[in-house]
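Peer 1: Take a look at the following structure, please.
2 protein chains.
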Amino acid sequence: MLIIVDMMSTSELEALGPRLERLTGEETTCCLPEYRALAERIARSQRFPELLLQVRAIADEKRLLVVHLLKRRGELCACEVQAAIGVGHATVSHHMRVLTAAGVVRARREGKWAYYRLTPAGRRLLS
Amino acid sequence: MLIIVDMMSTSELEALGPRLERLTGEETTCCLPEYRALAERIARSQRFPELLLQVRAIADEKRLLVVHLLKRRGELCACEVQAAIGVGHATVSHHMRVLTAAGVVRARREGKWAYYRLTPAGRRLLS
DNA sequence: TACTCATGTTGATTATCGTCGACATGATGT
DNA sequence: ACATCATGTCGACGATAATCAACATGAGTA
């Protein structure tokens, strides 16, 4: 319940309280406890951590490029991803791990090769 | 034309070429120059850098929270944002700067106060 | 004018992340 | 069996980013 607030220094918290309470008397838009509670509700919802994970997964130039390529081509193997984005194979493996962990892409093994395609959630991110 | 490829070591490039050329003879899905060219077209399009900037702007817990709050409340001043996300005012200023630079939110000054609201592009990011 | 308040800016610190080399694994082919 | 190939994992390094304290700015106020 106090996770967010605990990240503020106590001096700033004490200074912030009366300042905003005074503001509510003049400007009806400022309301400290209301916004703090609303922010906590949003941050503690089920969708927020998932969405944050997905957004952070595509917040990289190479990974956003991979997602766009998958949207156009449907399915790519790891070597094709490596050729497309121009990094070492260890980096490709790392990026695809981030994308799969976020639920943006889904991996499929076929012999030596690993194929990747977008999940429905991944497709929704690009609409 | 060689920006992406130059990020690979020459040894890996030389090893990758013949490997994929052989693959194209067996698996029709592997095609090195085609994917490299497609990736370059996407990365050099007008929308890609803008989208990357916007996605990176909301790829932070606090900033994603701010964007959600703005979607619900319409407009917030800086002190309300500070109260909601629980960081120092310098950090709030930094986050709002990142969001405005990406075109996700728009700032409006009224006397001492700074009000922020989502841009159409920012609203589109959350749909 | 002097003072307070809301916000922006700067510099430094800390943490996180992208990248790669080296090694491991598991499948394919000779 | 042995070599080769595609991919994964680990450790380290460099770059980037989040955060705050301190200072600066500019508007309202007594």
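In the order they appear, the protein sequences are chains A and B. Numbering follows my numbering, with no gaps: position 109 of the first sequence is 109. In my numbering, each residue carries its 1-based index in the second sequence increased by 127. Beta carbons are placed, not taken as given, at the ideal position from N, Cα and C, and that holds for glycine. All of these numbers come straight from a predicted model, not from anything done at the bench.
(1) Using the DSSP secondary-structure output, state which residues sit across from GLU178/B in a beta bridge.
(2) Residues in its own chain within less than 7 Å of ALA121/A by CB, not counting five upstream and five downstream?
(3) Would you mind telling me which residues of chain B sit closer than 7 Å to LEU65/A, beta carbon to beta carbon, in chain order?
(4) Kindly list, in the order they appear in chain A, the residues whose Cβ is closer than 7 Å to that of VAL182/B.
(5) Would you mind sorting GLY144/B into buried or exposed? The rule is 16 or more other CB atoms within 10 Å of its CB.
(6) Give the residues from the region 207-224 of chain B that approach chain A closer than 9 Å (Cβ to any Cβ), ordered along the chain.
(7) I believe ILE212/B touches LEU65/A by the beta-carbon criterion, under 8 Å. Please report the beta-carbon distance rounded to the nearest angstrom.
(8) What's the C-alpha gap between MET223/B and LEU125/A?
(9) Indicate whether at least one CB of chain A lies closer than 8 Å to the CB of LEU245/B.
(10) Taking 8 Å as the CB-CB cut-off, is LEU196/B touching chain A?
(11) When you compare only the Cα positions, how much space is there between ARG174/B and GLU34/A?
(12) For the region 109-117 of chain A and the region 71-87 of chain A, state whether three or more C-beta atom pairs, one from each stretch, are separated by less than 8 Å.
(13) I'd like the span of the alpha helix (DSSP H) that includes VAL193/B, first residue to last.
Peer 2: On the basis of the coordinates in this document:
(1) By 1-based counting over the second sequence, the position of residue 178/B is 51. Contrary to the premise, residue 178/B reads as Leu rather than Glu in this sequence. In DSSP, LEU178/B forms no bridge with anything.
(2) The sequence position of residue 121/A within the first sequence is 121, counting from 1. The beta carbon of ALA121/A lies closer than 7 Å to those of GLN54, GLY103 and VAL104 in the same chain, with the five residues before and after it left out.
(3) If you number the first sequence from 1, residue 65/A lands on position 65. Under the 7 Å cutoff, chain B gives ALA166, ILE169 and ALA170.
(4) Within the second sequence, residue 182/B is the residue found at index 55, counting from 1. Correct list: VAL55, ILE58, ALA59 and LEU64.
(5) Stepping through the second sequence from its first residue, residue 144/B is reached at position 17. Annotation note: pLDDT 42 at GLY144/B (below 50); position unreliable, no value reported.
(6) GLU207, VAL208, GLN209, ALA210, ALA211, ILE212, GLY213, VAL214, GLY215 and HIS216
(7) Taking the second sequence and counting its residues from 1, the one referred to as residue 212/B is at position 85. Taking the first sequence and counting its residues from 1, the one referred to as residue 65/A is at position 65. So it is not a contact: roughly 31 Å between Cβ atoms.
(8) Residue numbering aside, residue 223/B sits at position 96 when the second sequence is read from its first letter. Residue numbering aside, residue 125/A sits at position 125 when the first sequence is read from its first letter. Cα-Cα distance, rounded: 23 Å.
(9) Indexing the second sequence from 1 puts residue 245/B at position 118. Judged by the 8 Å Cβ criterion, LEU245/B is not in contact with chain A.
(10) If you number the second sequence from 1, residue 196/B lands on position 69. Using a Cβ-Cβ cut-off of 8 Å, LEU196/B counts as an interface residue toward chain A, since at least one Cβ of chain A sits closer than that to its own.
(11) Numbered from 1 along the second sequence, position 47 holds the residue referred to as residue 174/B. Numbered from 1 along the first sequence, position 34 holds the residue referred to as residue 34/A. Rounded to the nearest angstrom, the two C-alpha atoms are 37 Å apart.
(12) yes
(13) Here residue 193/B is taken as the residue at index 66 of the second sequence, counted from 1. Residues 188-200.
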